[in-house]
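Taking it in order: structure first as structure tokens, then the write-up.
Residue numbers (the numbering used here): 220 to 459.
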């Protein structure tokens with residue numbers, strides 16, 4: 220049974236509907252989980268020259284490239300390593316964290332940015348030790364404007380003061396401007412692509428846009444579809 224089975228036009232909606240597959244939680248000793256731990260280590264190595272590597276953004280060039288599966292599982296591996304981790308669903312247009320971690324989504328990033336709500340009251344604990352989540356919240360009419368606000372700057376500062384690692388899952392950089400507006404606030408970015416799907420032209424443009432933002436590109440993860448077959452997983456990725 221393929222993880223990205225349900226499709227809406229060119230969009231795979233299974234992850235959005237059911238949440239990301241947390242293989243690192245279900246089968247932490249599986250070879251796939253080890254690949255995610257290797258990815259975590261590679262990210263840390265790539266960011267070794269930075270003054271700080273704390274706020275890390277995961278994005279993609281196109282929709283349904285697997286950025287949420289990669290970002291959630293990588294966040295879990297940091298938590299399993301004893302880090303205090305906050306996973307932020309900053310994709311307020313196609314939120315998934317509430318499904319992945321079985322959380323309420325009536326309040327989240329959108330309500331924190333649009334009101335006087337305090338993040339400490341909205342962040343939720345998960346079934347993964349050391350991992351907390353800020354869901355996206357109700358879909359606002361102006362996601363990019365909220366992410367480009369002074370409130371977002373203050374929120375990122377609060378995150379830095381309260382967590383070892385902050386993982387931001389943001390919309391595809393070639394689809395909307397959400398990712399670009401928060402580039403000045405992050406330490407590095409991981410770009411995710413899907414083998415056999417993501418266009419090379421889109422990836423090239425995505426890298427160019429990220430370089431314009433003067434942000435450290437920590438690497439590119441190129442993955443194949445993650446599948447669940449007879450309780451065994453098949454997964455592949457390349458990192459560069």
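Virtual Cβ for every residue (Gly too), placed ideally from N, Cα, C.
Span separating the alpha-carbon of residue i from that of residue j
i, j, result
"residue 228", "residue 430", "Confidence at residue 228 is low in this model, with a pLDDT of 42, below 50, so the placement of that residue is unreliable and no value is reported for it."
"residue 230", "residue 416", "Residue placement at residue 230 is flagged as unreliable, the pLDDT there being 49, under the threshold of 50; the coordinate-derived value follows with that caveat. Cα to Cα, the separation comes out at about 11 Å."
"residue 345", "residue 351", "6 Å"
"residue 392", "residue 282", "9 Å"
"residue 437", "residue 324", "30 Å"
"residue 364", "residue 337", "19 Å"
"residue 243", "residue 335", "35 Å"
"residue 419", "residue 435", "20 Å"
"residue 265", "residue 410", "13 Å"
"residue 427", "residue 246", "37 Å"
"residue 425", "residue 408", "11 Å"
Residue closest to residue i, alpha-carbon to alpha-carbon, out of the options
i, options, result
"residue 299", "265, 255, 317, 328", "255"
"residue 432", "440, 398, 422, 421", "398"
"residue 314", "405, 419, 237, 410", "237"
"residue 468", "243, 284, 276, 340", "Missing from the structure shown is residue 468; the chain here goes from 220 to 459 and no further."
"residue 442", "279, 249, 246", "279"
Cutoff 8 Å; reference residue i; Cβ partners in own chain excluding five residues on either side
i, result
"residue 329", "311, 355, 356, 357, 358, 359, 362, 365"
"residue 343", "320, 322, 323, 351, 352, 353, 354"
"residue 421", "280, 281, 393"
Close Cβ partners of residue i (< 7 Å) along its chain, the five nearest in sequence each way excluded
i, result
"residue 449", "Note that residue 449 scores 33 on pLDDT, short of 50, meaning its location in the model is unreliable; the coordinates nonetheless yield the value given after this. Within the same chain, residue 449 has no close Cβ partners at all."
"residue 287", "234, 239, 315, 388"
Integer Cβ distance of residue i from residue j, believed to fall under 8 Å
i, j, result
"residue 347", "residue 295", "6 Å"
"residue 170", "residue 307", "Not covered by the structure: residue 170. The range shown for the chain is 220 to 459."
"residue 269", "residue 406", "6 Å"
"residue 372", "residue 402", "In fact, because the Cβ distance is near 12 Å, the residues do not count as touching under 8 Å."
Residues near residue i by beta carbon distance below 6 Å, same chain, minus five either side
i, result
"residue 396", "363"
Below-7 Å beta-carbon distance, residue i vs any chain B residue
i, result
"residue 256", "This model lacks chain B altogether, as it is built from one protein chain only."
Report the start-end ranges of each beta strand (DSSP E) in the stretch 332-380 that is 3 residues or longer and not cut off at the edges. Segments of the beta strand (DSSP E) lying fully in the stretch 332-380: 350-353.
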